[in-house]
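Report on one structure; see the data block that follows.
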Amino acid sequence: NGEANRPLIIIAHGGFFLAGANNGMDVVPLCEDFAKMGYAVASISYRLGIANLLDLENELIRAVWRGVHDGRAAVRHFRKSVEEDGNPWGIDPERIYMGGVSAGGFLALHHAYVDNESEIPSVIDQSQPGMGGGLEGASGNPGYSSDVAGIFNVSGALKDADWMQAGDVPLVSVHGTADGTVPYGTGSVALLGFNVTEVDGSATLHEQAEEIGLTHCFVTIDGAGHVPHVTNADAYDVTLSTVAGALSSWICASYPNQCGAYDYTSDIREQVAASVRMYPNPATGGQVTLSHSASDGEWT
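Position 74 of the sequence shown, counting from 1, maps to 221 under the working numbering, and the rest follow consecutively.
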């Protein structure tokens, strides 16, 4: 439709920087549901591959850095589309948000919080093909900002929580306490049962956010493993509603600042069919209202 100022969400898929795709089930349902809420949503591809499994720790760091460069190029692409292509997706270039699942969470977190040349890992040899360009990289669309307005992270981690500083963009995370791939707190990333490198998972990141006064929201899924929203409907609902609520509070000052899924009574939840949806949003040519009468228990 004619909307020309939608917030844009850019989502990066998971796959340990070895596999995964932008049409994977870890990201597509989220993309579709956010689009139905009125966002413009882009699921991006980024460079995959680990060249030397005998040097897995350093290779993973290099893979994350390549992904960060590609993510920054994606943000620049959309700002370029506004300036040079007539804003074909109808986005607001001041309200671009980056998020990711698993490896995509690593990408998003490092995109936002590695913002100083001194934080570029020492194993990054910028003279090597595809690794140069400093913080911004050389993946395309130069001359435009890669800044984002906020980050969401599902089962991801940051190499060092101290890279988060006061004044950085806000963060919302969802993480299972029994994640055996990416640590819930500080610990090792695991691939096929082998520990690869120590990182700071979501719980540690939000301790840091609390300490520095960063706007943040962190929701734990007790007993859940890695990316539980892919296989568990309740975990998906918690993930979607947590991220959507945080984004809404950042975008709209009048939106209730609630961290976490909305708490419905079981009686009301049982009355609402899982198939109820309202879209497109905004709609044109009419108005749709969903109301509930507590007295008769009927939905109209």
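For every residue, glycine included, the Cβ atom is placed at its ideal position computed from N, Cα and C.
Rounded Cβ spacing between residue i and residue j (contact assumed at less than 8 Å)
i: Y331; j: R223; result: Wrong, their Cβ atoms sit about 33 Å apart, outside the cutoff.
i: G348; j: H322; result: 6 Å
i: A380; j: G251; result: Contact doesn't hold; Cβ gap of about 21 Å is too wide.
i: A308; j: L352; result: 5 Å
DSSP bridge partner residues for residue i (one or two, in chain order)
i: H363; result: L318
i: L305; result: D347
i: V248; result: V301
i: A189; result: I157
i: G323; result: I368
Cβ neighbours of residue i in the same chain (closer than 8 Å, five flanking residues each side left out)
i: F225; result: L155, I157, A189, W236, I238, P240 and I243
i: D443; result: Because the pLDDT of D443 is 41, which lies under 50, any placement of that residue in the model is unreliable, and the question is left without a value.
i: L305; result: F253, L256, H257, Y260, M311, V346, D347 and L352
Whether residue i touches residue j by CB criterion (9 Å)
i: G303; j: S249; result: yes
i: D217; j: Y193; result: yes
i: R219; j: I271; result: no
i: V319; j: V366; result: yes
i: I368; j: V346; result: no
i: G149; j: V215; result: no
i: G327; j: G372; result: yes
i: Q275; j: G281; result: no
i: A221; j: I191; result: yes
i: G162; j: L195; result: yes
i: A300; j: G247; result: Inspection of the sequence shows that residue 300 is occupied by Asn rather than by Ala. It is a contact, given that the beta carbons lie within the stated cut-off.
i: A198; j: R153; result: no
Which of helix, strand or coil DSSP assigns to residue i
i: N342; result: strand
i: T333; result: strand
i: R242; result: strand
i: S293; result: coil
i: G407; result: coil
i: S440; result: The predicted model places S440 with a pLDDT of 37, which falls under 50 and marks its position as unreliable; any figure quoted below should be read in that light. In the structure shown, S440 sits in coil (DSSP, three-state: anything other than H, G, I, E or B).
i: G218; result: helix
i: G392; result: helix
i: P208; result: With the sequence shown as reference, residue 208 is identified as Ile, and Pro is not the correct amino acid for it. The answer is helix: DSSP assigns I208 an H, G or I state.
i: H258; result: helix
i: C399; result: coil
Same chain only: Cβ atoms within 6 Å of residue i, ignoring 5 sequence neighbours per side
i: L203; result: V343
i: C406; result: C364
Cβ-based neighbour list, residue i, same chain, cut-off 7 Å, excluding 5 preceding and 5 following
i: A325; result: G370, A371 and G372
i: D315; result: A259, Y260 and L361
Min CB distance residue i to chain C below 9 Å
i: A151; result: Given the protein chain composition of this structure (a single chain), no chain C is represented.
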